[in-house]
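Just so you know, we're using this note's numbering here: the sequence shown kicks off at 59 and counts up by one.
Every residue gets a Cβ at the ideal spot worked out from N, C-alpha and C, and that includes glycine.
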Amino acid sequence: IGEGERDEAPMLYIGEEVGTGKGPAVDIALDPLEGTTICAKNLPNALAVIAIAEKGSLLFAPDVYMDKIAIGPGYPEDLIDIDASPAENLANLAKAKGVAVSDITACILDRPRHAKLIDAVRATGAAIRLIGDGDVAGVIHTTDPDETGIDIYLGTGGAPEGVLAAAALRCTGGQMQGRLILDTPEKVARAQKMGISDPKRVYRAQDMARGDVLFAATGVTDGNLLDGVKFGRTFITTHTIVLRSSSRTVREIKARHQDLEKF
59 IGEGERDEAP MLYIGEEVGT GKGPAVDIAL DPLEGTTICA KNLPNALAVI
109 AIAEKGSLLF APDVYMDKIA IGPGYPEDLI DIDASPAENL ANLAKAKGVA
159 VSDITACILD RPRHAKLIDA VRATGAAIRL IGDGDVAGVI HTTDPDETGI
209 DIYLGTGGAP EGVLAAAALR CTGGQMQGRL ILDTPEKVAR AQKMGISDPK
259 RVYRAQDMAR GDVLFAATGV TDGNLLDGVK FGRTFITTHT IVLRSSSRTV
309 REIKARHQDL EKF
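Below you can see the structure in the form of structure tokens.
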């Protein structure tokens, strides 16, 4: 599951088979540079991300937009509802957290299509963190609001990014709901060819990333959770988190690479 089709790249297409053909078969979702624009502008939270699960466990969907809502761990099941209004979701989250709605911060991609959503959130008194790109990072930030200041993610973004974000939340215990935006006959037909019979289905994190899931993200530019790549005179430093759903472990790796040619 990748973005080769959208980015007109020569590889990483949805459904592409990679590897030697030997060993266990797995599903892979990845984005070698999540946040190309923010990376080009040296803005925060560009990442390299990958998720791995047993074959047939990751949602196989066309590269279309997906409507998303996500929160971190520690809340009652089904606290959020993609069909509820922003005001309802923010009120329920604030109540569960034991704070006022004005103490909640929502992360939203800064896009013209989100104008009504942004107005609706502002009307509740909640704070908004607008991001220019990188909605995988936006969702991951909900897993540690004390560190990132983000309590909830709202809005539409790419479906492959939705699968990656769902994998991360499966590993941390967060909640997510997503619905593919199949607003043309061509998109509906593409989805049907991929086995999606209900174009209005709401997918939860456990529907998009089932079974035992591994997720890893490495910072490319500095961000709230991960440092970016640092170039020293004789070595390069990277900062990575590795998550696993079965054990709910979060491993943090700060690596010093002295073989500079691999970069």
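So within the stretch 166-250, which uninterrupted beta strand (DSSP E) runs reach at least 3 residues, ignoring any that extend past its ends?
185-189, 210-216, 233-238
Measuring only the C-alpha atoms, how far is residue 155 from residue 218?
30 Å
Have a look at 312, 289, 222, 250 and flag the residue whose alpha-carbon is nearest the alpha-carbon of residue 111.
222
Please determine, among 165, 264, 249, 200, the residue with the shortest C-alpha to C-alpha distance to residue 235.
Taking only the C-alpha atoms, the option nearest residue 235 is 264.
Is the separation between the beta-carbon of residue 315 and that of residue 299 shorter than 7 Å?
no
Would you mind stating whether residue 123 and residue 198 have Cβ atoms separated by less than 7 Å?
no
Residue range of the unbroken beta strand (DSSP E) whose run includes residue 90
Element bounds for residue 90: 84-92.
Cβ-based neighbour list, residue 92, same chain, cut-off 6 Å, excluding 5 preceding and 5 following:
Beyond the five residues adjoining it in sequence on each side, residue 92 comes within less than 6 Å, by CB distance, of 105, 107, 192, 194 in the same chain, given in chain order.
N- and C-terminal bounds of the alpha helix (DSSP H) containing residue 146
144-155
If we ignore side chains and look at the alpha-carbon of each, how far apart do residue 256 and residue 241 end up?
Taking the straight line joining both Cα atoms gives about 13 Å.
Under a Cβ-count criterion, where at least 16 other Cβ atoms within 10 Å of its own Cβ denotes burial, should residue 278 be classed as buried or exposed?
buried
Which stretch, first to last residue, makes up the alpha helix (DSSP H) that contains residue 266?
263-266
Extent of the continuous beta strand (DSSP E) run through residue 127:
Taken as a continuous stretch (DSSP letters only), the beta strand (DSSP E) holding residue 127 covers 123-129.
Going by DSSP in three states, residue 117 sits in which element: helix, strand or coil?
coil
Contact test: residue 251 Cβ vs the ligand FAD heavy atom, cutoff 6 Å
With respect to small molecules bound, the structure shown includes none, and the ligand FAD cannot be examined in it.
Which residues bound the beta strand (DSSP E) around residue 310?
307-315
Closest to residue 114 by C-alpha separation, out of 202, 85, 102, would be which residue?
85
What is the rounded straight-line gap between the Cα of residue 189 and the Cα of residue 140?
For residue 189 and residue 140, the distance between alpha carbons rounds to 20 Å.
Please classify residue 164 as buried or exposed, where buried requires at least 16 other C-beta atoms within 10 Å of its C-beta.
buried
Tell me whether the beta-carbon of residue 126 lies closer than 7 Å to the beta-carbon of residue 216.
Contact: no.
Quickly, what does DSSP pair residue 302 with across the bridge? List them, please.
According to DSSP, residue 302 bridges with 272, 307.
Beta carbon of residue 102 nearer than 7 Å to that of residue 285:
no
Straight-line gap, residue 4 to residue 228 (C-alpha atoms, nearest Å)
One cannot answer for residue 4 here, as it falls past the ends of the chain, which runs 59 to 321.
Span of the beta strand (DSSP E) holding residue 138?
First-last for residue 138: undefined, no H or E at that position.
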